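Undergrad: Input: one structure, supplied below.
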Amino acid sequence: MNAETKVIKHKLSVLELAEALGNVSAACRQRGVSRPQFYDYKRRFQTHGMEGLRDLPPIAKHHPNTTPPETVEKIKGLAMTSILKNLF
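Here's what the structure looks like:
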């Protein structure tokens, strides 16, 4: 059993336990998940089935408004040129 399968089974076990107990709070306490997380699992399971219980890919690590590195280097070069001109 790979890690992804374990994650899916854990999420499914939380949903099944809540159904069996008839108590979401108790199921969440026993499985160590928050109630908002439970409702996220439930919504995703109802919408996408077992595929919805897969972990989502990580959020991109770059910000869309980040200045491109080549532009930053050009600005640094212009700033240094300006500083040097003012010194002499």
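Numbering (my numbering), first residue to last: 4 to 91.
Think of the CB as a built atom: it goes at the ideal place given N, C-alpha and C, for glycine as much as any other residue.
Model, not experiment: these values are computed from the prediction.
1. In angstroms with no decimal places, state the Cα-to-Cα distance between R57 and E7.
2. Which value, in whole angstroms, describes the spacing of the CA atoms of K12 and T69?
3. On the CB-based measure, 16 or more other CB atoms within 10 Å of its CB, does K14 come out buried or exposed?
4. Mind the definition here: the stretch 42–49 touches the stretch 14–27 only if three or more C-beta pairs lie below 8 Å; say whether that holds.
TA: In brief:
1. 7 Å
2. 39 Å
3. buried
4. yes
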